[in-house]
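A quick write-up on the structure given underneath.
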Amino acid sequence: MNTSLIILVLAITSFLLGFLRDLFIAKTFGLSWEADLIFVALILPIFFENFLGLALRDAMIPYLQKLRSQSQALFEAVSRWLYWRVMLLGVLASTLAIVGSYWILNLLAPGWTTAQIEAGQLVFCAGALLIAAQAALYCQGALLNMDEIFLLPMTRTVLLNTGAIIGILFFQPTDMAIFIGMLLPQLGLIVVQHRRIAYLRGQTETVAGGHGASFSLAFAPVLLAASAQQSCILAERIFASYLEEGSITMLSFAFRIVTIPLTLYALSVLSVLFPRFVANWNDGDLNGYATVVRKGLLATLLFLLPATVVLCSFPESVVSVLLERGQFGAAQTEATASLVVLYALGLTAMGLALLWGRALLAQNRSRLFLMITLASSALTIALDALLYRAYGAEGLAVAFSSGAILQAVLMGLYVYRSLPHSLALGVLLRWLVTGAAIAVVLHWVPTPHGLIQLCLYIALVLAAYAAGVLLLGERDLFKPAYWSLKKP
139 MNTSLIILVL AITSFLLGFL RDLFIAKTFG LSWEADLIFV ALILPIFFEN
189 FLGLALRDAM IPYLQKLRSQ SQALFEAVSR WLYWRVMLLG VLASTLAIVG
239 SYWILNLLAP GWTTAQIEAG QLVFCAGALL IAAQAALYCQ GALLNMDEIF
289 LLPMTRTVLL NTGAIIGILF FQPTDMAIFI GMLLPQLGLI VVQHRRIAYL
339 RGQTETVAGG HGASFSLAFA PVLLAASAQQ SCILAERIFA SYLEEGSITM
389 LSFAFRIVTI PLTLYALSVL SVLFPRFVAN WNDGDLNGYA TVVRKGLLAT
439 LLFLLPATVV LCSFPESVVS VLLERGQFGA AQTEATASLV VLYALGLTAM
489 GLALLWGRAL LAQNRSRLFL MITLASSALT IALDALLYRA YGAEGLAVAF
539 SSGAILQAVL MGLYVYRSLP HSLALGVLLR WLVTGAAIAV VLHWVPTPHG
589 LIQLCLYIAL VLAAYAAGVL LLGERDLFKP AYWSLKKP
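Heads up: the sequence shown runs through residues 139 to 626, numbered per this note's numbering.
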């Protein structure tokens with residue numbers, strides 16, 4: 139339980155720092171081209187982090203655990219082989235992004251002028267260096283997680299956001315200072331984690347033939363699925379560049395607000411449960427697998443449904459408390475709040491797709507995972523193209539939430555078909571009913587003003603949720619032993 143709490147505290151700290159970073163960006167730059175440049179320069183690092191980093195982790199853990207069950211020496215040899223090639227791939231990706239920065243910027247922001255593209259190249263190149271750092275850190279994180287070391291990899295985002303804040307506060311508040319502040323702590327963490335994984339310093343020649351091709355076959359569907367998911371964000375930003383100035387920033391701020399609980403959940407719960415999914419399925423322990431999936435479902439609902447209710451009920455209050463300072467005024471708050479509601483409608487679906495997607499990967503059904511992700515991504519991008527001219531940024535947010543809902547429904551359906559009792563439909567139903575009832579009540583209460591009132595309302599929503607699900611039969615939520623990380 140102590141480890142669980144520390145993981146949660148680190149995740150919360152990371153996102154508090156992330157919002158503090160965005161608060162300083164909003165205060166300093168407002169809704170301007172300079173602010174848009176920061177988020178455009180982050181598109182590729184974030185894209186590759188999720189496209190390569192998360193996909194790498196999701197493919198490495200099941201693949202390497204199978205090898206470890208056969209031979210520790212083989213596991214270490216293949217791990218070293220993968221590690222150094224991922225490092226080289228990250229460096230190559232950063233180099234290509236820097237060399238092609240002018241053309242890539244034109245692709246990412248086709249609505250910008252030539253002068254804006256040229257002025258933004260240096261900042262974009264600084265952001266591209268994060269690609270190599272993230273590739274190394276995610277590979278190291280997967281190896282550490284397999285040894286049940288979760289705390290050290292979680293300092294990655296804490297250091298990233300802290301470095302950006304230091305760059306803003308203690309140096310001239312420029313785009314370059316922000317990116318240099320992000321990069322330097324990441325390089326230090328790479329060195330620390332490399333030294334922590336002792337077997338990485340061995341020789342790689344002992345790898346048996348065929349493991350490169352074998353891992354590539356396991357990795358390809360996950361990588362393609364991650365690419366499809368990130369292409370939705372990429373397409374959204376491209377369409378937004380044709381809208382009025384500041385649209386990219388509004389979408390970025392709104393998405394970040396909505397995904398705070400999602401990322402807290404992914405960092406503090408899903409990163410721990412996924413290795414358990416894989417281990418139970420590989421051991422043939424279907425009851426244990428179903429139990430862990432149900433535990434993940436309850437954690438998903440606990441993190442995301444109350445957040446959805448609050449964000450949909452009081453979006454302007456949330457945006458005002460978090461961002462309304464300096465150049466970010468009441469007009470910007472109102473515009474961003476409408477996007478928060480539309481993204482929040484898909485928040486729980488995003489979390490369920492993460493959970494059930496990892497449940498499918500643990501079953502070695504990566505091709506099915508890929509096909510579902512391609513279908514939902516195609517829907518999202520098609521809706522982007524159809525809605526952005528008529529509905530602007532709001533249309534883009536609707537498109538993203540629609541794709542997330544489709545993905546969650548399809549993945550949940552296939553998890554149910556493979557092992558019906560793992561889906562826990564009763565748990566899902568009681569939480570949805572409770573959330574709907576609370577949302578109806580909140581429609582008639584006064585809007586909170588200021589941080590204290592907002593925190594009070596959030597506490598009341600959580601209390602109402604606890605009472606509601608308890609009344610409807612929820613018991614596991616209130617058992618401390620249920621949330622222990624100790625293996626049964």
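All C-beta atoms in this analysis are idealised placements derived from N, C-alpha and C, irrespective of residue type, glycine included.
Skipping 5 residues on each side, what residues in its chain have a beta carbon closer than 8 angstroms to that of residue i?
{"i": "L275", "result": "G191, P291, R294, Q324, L327, I328 and Q331"}
{"i": "A577", "result": "V447, C450 and S451"}
{"i": "V479", "result": "L449, C450 and P453"}
{"i": "S239", "result": "Q259, F262, C263 and A266"}
{"i": "E462", "result": "A468, Q470 and T471"}
From the options, pick the residue whose C-alpha is nearest to that of residue i; which is it?
{"i": "A482", "options": "L521, T518 and L442", "result": "L442"}
{"i": "A605", "options": "I318, A373, R394 and L440", "result": "L440"}
{"i": "N420", "options": "V360, Q208 and L182", "result": "Q208"}
{"i": "L521", "options": "W250, C370, S239 and A235", "result": "C370"}
{"i": "L180", "options": "E612, I242 and G265", "result": "G265"}
{"i": "G426", "options": "L361, P413 and S385", "result": "P413"}
{"i": "L298", "options": "F353, E374, L148 and A577", "result": "L148"}
{"i": "A445", "options": "I395, E472 and H581", "result": "I395"}
{"i": "A273", "options": "A193, R334, Q470 and F391", "result": "A193"}
{"i": "Q545", "options": "V565, L557, L566 and L508", "result": "L508"}
{"i": "I269", "options": "W241, M284 and L234", "result": "L234"}
{"i": "A356", "options": "V296, A271, N502 and T438", "result": "N502"}
{"i": "A280", "options": "L158, L408, F393 and T572", "result": "L408"}
{"i": "E612", "options": "I376, L580, H581 and L566", "result": "L566"}
{"i": "L322", "options": "I590, A271 and L411", "result": "A271"}
{"i": "S504", "options": "A197, A173, R159 and D174", "result": "A197"}
{"i": "W250", "options": "F162, W171, T300 and L490", "result": "W171"}
{"i": "L436", "options": "W494, H581 and S385", "result": "W494"}
{"i": "T312", "options": "V579, P399 and A164", "result": "A164"}
{"i": "N283", "options": "M314, I335 and S232", "result": "I335"}
{"i": "H581", "options": "L589, I590, A487 and V599", "result": "V599"}
{"i": "Y603", "options": "A575, G588, I510 and L589", "result": "A575"}
{"i": "V296", "options": "S514, I150, Y529 and L411", "result": "I150"}
{"i": "D285", "options": "G228, I590 and S217", "result": "S217"}
Residues in the same chain with beta-carbon distance under 7 angstroms from residue i, minus the five sequence neighbours each way, listed in chain order, please.
{"i": "V416", "result": "I199, P200, Q203 and A500"}
{"i": "A404", "result": "L492"}
{"i": "I316", "result": "I176, A302, G305 and I306"}
{"i": "T401", "result": "F153"}
{"i": "I596", "result": "V448"}
{"i": "A247", "result": "V178 and S379"}
{"i": "Y552", "result": "L498 and L506"}
{"i": "F213", "result": "L202, L205 and R206"}
{"i": "A537", "result": "T518, L521, D522 and L525"}
{"i": "F393", "result": "Y481"}
{"i": "T438", "result": "Y403, G489, L490 and L493"}
CA-CA distance, residue i and residue j?
{"i": "S379", "j": "E256", "result": "16 angstroms"}
{"i": "H559", "j": "R496", "result": "17 angstroms"}
{"i": "F288", "j": "V431", "result": "19 angstroms"}
{"i": "M139", "j": "L594", "result": "Its pLDDT being 46, under 50, M139 is placed unreliably in this model, and the coordinates cannot settle the point."}
{"i": "H349", "j": "L155", "result": "40 angstroms"}
{"i": "W219", "j": "V360", "result": "19 angstroms"}
{"i": "G86", "j": "I543", "result": "Residue numbering for the chain in the displayed model covers 139 to 626; residue 86 lies beyond these limits and cannot be assessed."}
{"i": "M388", "j": "G422", "result": "47 angstroms"}
{"i": "L338", "j": "C277", "result": "11 angstroms"}
{"i": "L506", "j": "S540", "result": "20 angstroms"}
{"i": "V607", "j": "T572", "result": "6 angstroms"}
{"i": "Q367", "j": "A373", "result": "10 angstroms"}
{"i": "I386", "j": "G319", "result": "23 angstroms"}
{"i": "V457", "j": "A363", "result": "32 angstroms"}
{"i": "A562", "j": "Y554", "result": "9 angstroms"}
{"i": "A475", "j": "A535", "result": "12 angstroms"}
{"i": "V547", "j": "Q254", "result": "42 angstroms"}
{"i": "A428", "j": "L557", "result": "7 angstroms"}
{"i": "I242", "j": "V583", "result": "48 angstroms"}
{"i": "S406", "j": "L485", "result": "17 angstroms"}
{"i": "F308", "j": "A487", "result": "40 angstroms"}
{"i": "L610", "j": "G434", "result": "19 angstroms"}
Could you name the residues of the same chain whose beta carbon sits closer than 6 angstroms to that of residue i, not counting the 5 residues immediately before and after it, in chain order?
{"i": "L592", "result": "S455, V459 and P586"}
{"i": "G533", "result": "L525 and Y526"}
{"i": "I398", "result": "F153"}
{"i": "Y221", "result": "C277 and L338"}
Q: Give, in chain order, every unbroken run of the alpha helix (DSSP H) that is at least 4 residues long and sits entirely within the stretch 304 to 379.
A: As far as the stretch 304 to 379 is concerned, its whole alpha helix (DSSP H) runs of at least 4 residues are 313 to 334 and 349 to 378.
Q: Go through the stretch 148 to 195 residue by residue and report every complete run of the alpha helix (DSSP H) that reaches 4 residues or more, in order.
A: Entirely contained in the stretch 148 to 195, the alpha helix (DSSP H) runs reaching 4 residues are, in chain order, 171 to 179 and 181 to 186.
(Q) Quick check for students: name the residue ranges of the beta strand (DSSP E) that lie wholly in the stretch 454 to 531, counting only runs of 3 or more. (A) The qualifying runs do not exist here; there are none.
Q | Contiguous beta strand (DSSP E) assignments of at least 3 residues, all confined to the stretch 240 to 307 | A | Whole beta strand (DSSP E) segments, 3+ residues: zero.
Q: Mind listing, in chain order, the continuous alpha helix (DSSP H) runs of no fewer than 4 residues lying wholly within the stretch 402 to 434?
A: Here the runs fully enclosed are 409 to 420.
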